[in-house]
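Written below as structure tokens is the structure these notes are about.
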Amino acid sequence: MDAMEEALPMPKRSAPTEKAMPHNHIAVRAKRLRETGLGLLFLAPSLAVFAVFCFYPLLRSVYLSMQVTNPRGKVVDYVGLANFQELFASETFYRNLAVTGQFTLYTVPTAIVLALILAALTAGPQRGMKLFQGVFSMPVAISVGTGAVIWTMLFHPTTGMFNYFLTLMGLNPVAWLSDPAWALVSVSVMTVWMNLGFAYIVLLSGIQAISADLQESARIDGAGRFTVFCRITLPLLSPTLFFLLIVSVIQSLQAFGQFHIMTKGGPMHATDVFVYGVFREAFVNYRFGTASAEALVLFAIILVLTLVQFAVLERKVHYQ
Amino acid sequence: MKASRMLSLLQYAVLAALAVTVLYPVVYAFLTAFMTQQEAMSYPPALVPKEWSLGNFLAVLQAVPIARFMGNSLLISAAITLGQLLLGSLSAYAFANIRMAGKAFWFALFLSTMMIPWEVTMIPNYLTIRSWGWLDTYPGMIVPFLASAFGTFLLRQFFLQLPGELFEAARIDGCGHWRCYLLIVLPLARPALATLAVYSFLHAWNQYMWPLLVTNSPEMRTVQIGVSMLQSEEFTSWNTVLAGVALILLPSLLLLVLGLKQLVRGMTAGAVKG
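Protein sequences, first through last, are from chains A and B.
Residue 415 is where the first sequence starts when you use this note's numbering, and the numbers rise one by one after that.
Residue 275 is where the second sequence starts when you use this note's numbering, and the numbers rise one by one after that.
Written out as structure tokens, the structure reads:
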């Protein structure tokens, strides 16, 4: 969820003007210097953590991506861009990318459309809506660990509830997680459920932030609820929707826990997503060099998405 | 009039059906946790336990040190939350209230940390933690997460909204930045601090990948790793695992009920223009 934080609006407070007289110019400069020093002191703890656990590792990743390492993680040999070349020549890389893309296509639009419908139906002041709002926000509190364990049991081929419901409806049971044709769909269904809470909360807040008067006056002018939603609410909601889209795509590119618990990338690599590939390369095969190269490719993709988001939101913000 | 009445009835029906669907997996976990072994294995499967048994909860408490897992998770999440509140409020104060040179640069530097995905830093961080001998320790699971750029921005937004006259008056009274931070800003920022606290705690409690990488021994596992490992062990029955899941879910759900407002504020800080 790191990415959701990117589009923070930044109000500017005009700096109080310095009433510096010429004769105490030096005193003012000394005071300035003291202020800057104090400011850095306030920033220092955070900066130290970022330096050690964010900036240094980023550089070290770049360094590692050009090395071959032994299983202890020690650098053995400099190989230049060979790790990247190997990566771009390997079938696994493209297969993992394709699976990740498919996963994104399955989960992101579904979760957003579902959340949009739920948010539109529950945004009003009618009786009981508060309760529904609580219910639909609930998945946000569920961790990927517990969620995946519960759903693994629901998906169980013989004793799981889903197959029981299917037989009740007279349908054939499905091997949810062990059939290569179904596994990715099954994990996607679980993921949509898990991500629904966040998407719902964001969209509900977005809809509620749109002036109720505007929607009301359109309705008085004779527009139906559906028309108001399509003509007024939806266009005004577009920056929020766009934000949610980018954040959700980034999130789905980073999905790991549900795959680690539910399928381990199988069956027949049907759920072998990108981050699971990085994880396996680094912590199962202990090839930190190629794993770092793979992680940097992910970084590049996410960076492009983030920059697109900034560019578009910068423009949109003025229309809001 | 009649048509709109029908429409709202339909709306409630649709919402109720969807609510049941969304709630079902969690309800299923709690109900199955109370079933006896035979009942859970019976066919057709029971939907609701006939007699509410606590046997599974006792079994899971004996099968794995789940109390220990919860203790670990609690300690780690609390430490991360406190750290983020402290470090975040300090840097937010600097960005909002201290007139320092090069502020834009430092601000951009903070901003840039949010663009670096966790996966890129994960391998070097693992190597760092290992070289420090911090595998299987609390610091290894706490220290990397103590600073939060998101927390800094969230608090900075709030600090900027505090009336400027307050600080002018304090300065005239001879109040320096440290006292200003401690005695004026922190007490006034309680709502924002609460928002960040709920958000950070839930995140830390729900973490999966990092604890998976840096813990090996059972007594250092967090709840999230503990429960998924429980599931992959053959001899434990489902109800036992789900009893464990239910226990782990309780704090999260409690936090959701008590802190939904804070959570919503935290999550939408970036999405909706405030």
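Beta carbons are placed, not taken as given, at the ideal position from N, Cα and C, and that holds for glycine.
**Prompt:** THR514/A lies in the alpha helix (DSSP H); which residues open and close that run?
**Reply:** As a first step, residue 514/A is located in the first sequence; it is residue number 100 there, counting from the start. If you look at THR514/A, you'll find it in the alpha helix (DSSP H) that goes 505 to 536.
**Message:** I'd like the span of the beta strand (DSSP E) that includes GLN481/A, first residue to last.
**Reply:** Within the first sequence, numbered from 1, the residue matching residue 481/A stands at position 67. Counting along the chain, the beta strand (DSSP E) containing GLN481/A begins and ends at 481 to 483.
**Prompt:** What's the call for GLN540/A, buried or exposed, on a 16-neighbour Cβ count within 10 Å?
**Reply:** Here residue 540/A refers to the residue found at position 126 when the first sequence is read from its first residue. Exposed, because fewer than 16 other Cβ atoms sit within 10 Å of the Cβ of GLN540/A.
**Message:** Does GLU630/A pass the burial test, meaning 16 or more other C-beta atoms within 10 Å, or should it be called exposed?
**Reply:** On the first sequence, position 216 is the one that residue 630/A refers to. Label assigned to GLU630/A: exposed.
**Item:** First through last residue of the alpha helix (DSSP H) which encompasses TYR578/A
**Value:** The residue given as residue 578/A occupies position 164 in the first sequence. Run containing TYR578/A: 575 to 582, per the alpha helix (DSSP H) assignment.
**Asked** Excluding sequence positions up to five away, which residues of its chain have a Cβ less than 7 Å from the Cβ of ILE372/B?
**Response** The sequence position of residue 372/B within the second sequence is 98, counting from 1. Correct list, in chain order: HIS451.
**Asked** Between PHE693/A and THR685/A, is the Cβ-Cβ spacing less than 8 Å?
**Response** The residue you call residue 693/A lines up with position 279 of the first sequence. The residue you call residue 685/A lines up with position 271 of the first sequence. The answer is no: Cβ separation not under 8 Å.
**Asked** Which residues of chain B have a Cβ atom closer than 9 Å to the Cβ of TYR578/A, listed in chain order?
**Response** Counting from one through the first sequence, the residue named residue 578/A turns up at place 164. Simply TYR317, PRO318 and PRO319.
**Message:** Tell me which residue opens and which closes the beta strand (DSSP E) that ASP491/A is part of.
**Reply:** If you number the first sequence from 1, residue 491/A lands on position 77. For ASP491/A, the uninterrupted beta strand (DSSP E) segment begins and ends at 489 to 492.
**Item:** Reference THR514/A; option with closest CA among MET543/A, VAL601/A and PHE464/A
**Value:** In the first sequence, the residue the question calls residue 514/A occupies position 100. Nearest option by C-alpha distance: VAL601/A.
**Item:** Simplified DSSP state of LYS547/B, which is helix, strand or coil
**Value:** Counted from its first residue, the second sequence places residue 547/B at position 273. Confidence in LYS547/B is poor, its pLDDT being 40 and thus under 50, which makes the residue's placement unreliable; the coordinate value appears in the next sentence. DSSP places LYS547/B in coil when its eight states are reduced to three.
**Message:** Would CYS644/A pass as an interface residue toward chain B - the criterion being a Cβ-Cβ separation below 8 Å?
**Reply:** For this step, residue 644/A is matched to residue 230 along the first sequence. CYS644/A does not count as touching chain B.
**Asked** Between which two residues does the alpha helix (DSSP H) harbouring VAL472/B extend?
**Response** One-based indexing of the second sequence puts residue 472/B at position 198. First-last of the alpha helix (DSSP H) with VAL472/B: 464 to 479.
**Request:** Check VAL698/A in the structure and name its three-state DSSP category.
**Result:** Taking the first residue of the first sequence as position 1, residue 698/A is located at position 284. In this structure, VAL698/A counts as coil in the three-state DSSP scheme.
**Request:** Apply the 10 Å Cβ neighbour rule to CYS468/A and answer buried if 16 or more other Cβ atoms are within range, or exposed otherwise.
**Result:** As a position in the first sequence, residue 468/A is number 54, starting the count at 1. Of the residues assessed, CYS468/A falls on the buried side of the cut-off, its CB having 16 or more other CB atoms within 10 angstroms.
**Asked** Which residues of chain B have a Cβ atom closer than 8 Å to the Cβ of PRO459/A, listed in chain order?
**Response** Within the first sequence, numbered from 1, the residue matching residue 459/A stands at position 45. The contacting residues are LEU360, LEU361, LEU364, SER365, LEU420 and ALA421.
**Message:** Residues of chain B with CB closer than 9 Å to the CB of ARG443/A, please, in chain order.
**Reply:** Taking the first residue of the first sequence as 1, we reach residue 443/A at position 29. The contacting residues do not exist; ARG443/A stays about 11 Å from chain B at best.
**Message:** Buried or exposed for MET424/A, going by 16 or more other Cβ atoms inside 10 Å?
**Reply:** As a first step, residue 424/A must be located in the first sequence, where it is residue number 10. Its pLDDT being 45, under 50, MET424/A is placed unreliably by the model, and nothing is read from it.
**Alpha-carbon to alpha-carbon, ILE458/B and GLY438/B** = For the purposes of this step, residue 438/B is identified with residue 164 of the second sequence, where counting begins at 1. For the purposes of this step, residue 458/B is identified with residue 184 of the second sequence, where counting begins at 1. If I take the Cα positions, the gap works out to 12 Å.
**Request:** Answer with yes or no whether the minimum CB distance from GLN536/B to chain A is below 8 Å.
**Result:** Residue numbering aside, residue 536/B sits at position 262 when the second sequence is read from its first letter. Not one chain A Cβ lies under 8 Å of GLN536/B.
**Prompt:** Taking 7 Å as the cut-off, does the CB of ALA370/B come closer than this to any heavy atom belonging to the ligand FAD?
**Reply:** Among the ligands in the structure shown, none appear at all, so the ligand FAD cannot be discussed.
**Asked** Should THR573/A and MET315/B be called a contact, given that it needs their Cβ atoms to be closer than 8 Å?
**Response** The sequence position of residue 573/A within the first sequence is 159, counting from 1. The sequence position of residue 315/B within the second sequence is 41, counting from 1. Taking 8 Å as the Cβ cut-off, THR573/A and MET315/B qualify as a contacting pair.
**Message:** Any beta carbon from chain A within less than 8 Å of GLN336/B's own beta carbon?
**Reply:** Position 62 of the second sequence, counting from 1, holds the residue named residue 336/B. By this cut-off, GLN336/B is not an interface position.
**Where the alpha helix (DSSP H) containing ASN371/B begins and where it ends** = For this step, residue 371/B is matched to residue 97 along the second sequence. That run of the alpha helix (DSSP H) goes 340 to 371.
**Request:** Compare the C-beta of LEU549/B against all C-beta atoms of chain A and say whether one is closer than 8 Å.
**Result:** Outside the displayed span of chain B (275 to 548) sits residue 549/B, for which this structure offers no information.
**Request:** Give the interface partners of TYR302/B over in chain A, defined as CB-CB distance under 9 Å, in chain order.
**Result:** By one-based count along the second sequence, residue 302/B stands at place 28. Within 9 Å Cβ-Cβ: ILE564, MET567, LEU568 and MET575.
**Message:** So with CB distances below 9 Å, who are the chain A contacts of GLN498/B?
**Reply:** Residue 498/B sits at position 224 when you count from the first residue of the second sequence. Identification of chain A residues near GLN498/B by a Cβ-Cβ cut-off of 9 Å yields SER557, VAL558, GLY559, THR560 and GLY671, ordered along the chain.
**Prompt:** Going along chain B in order, which residues have a C-beta closer than 8 Å to the C-beta of ILE716/A?
**Reply:** Within the first sequence, residue 716/A is the residue found at index 302, counting from 1. The answer, in chain order, is MET389 and PRO391.
**Message:** Let's test the definition: count the other Cβ atoms within 10 Å of the Cβ of ARG539/B and tell me whether it reaches 16, buried, or not, exposed.
**Reply:** The residue given as residue 539/B occupies position 265 in the second sequence. Result: buried.
**Message:** For a contact defined as C-beta to C-beta under 8 Å, what are the partners of GLN668/A on chain B?
**Reply:** Walking along the first sequence from the start, residue 668/A turns up at place 254. At a beta-carbon threshold of 8 Å, the residues of chain B lying near GLN668/A are PRO391, TRP392 and GLU393, ordered along the chain.
**Asked** Are the stretch 635 to 648 of chain A and the stretch 547 to 559 of chain A touching, with three or more C-beta to C-beta distances below 8 Å?
**Response** no
**Message:** Does the contact criterion of 3 or more C-beta pairs under 8 Å hold for the stretch 474 to 484 of chain A versus the stretch 703 to 710 of chain A?
**Reply:** yes
**Asked** What is the residue span of the alpha helix (DSSP H) that MET483/B lies within?
**Response** One-based indexing of the second sequence puts residue 483/B at position 209. Note, MET483/B: alpha helix (DSSP H), 483 to 488.
**Prompt:** At which residues does the alpha helix (DSSP H) containing GLY559/A begin and terminate?
**Reply:** In the first sequence, counting from the first residue as 1, residue 559/A sits at position 145. For GLY559/A, the enclosing alpha helix (DSSP H) has its first and last residue at 558 to 568.
**Message:** To the nearest angstrom, how far is the alpha carbon of ALA503/A from that of ALA496/A?
**Reply:** Taking the first residue of the first sequence as 1, we reach residue 503/A at position 89. Taking the first residue of the first sequence as 1, we reach residue 496/A at position 82. The alpha-carbon atoms of ALA503/A and ALA496/A are separated by roughly 10 Å.
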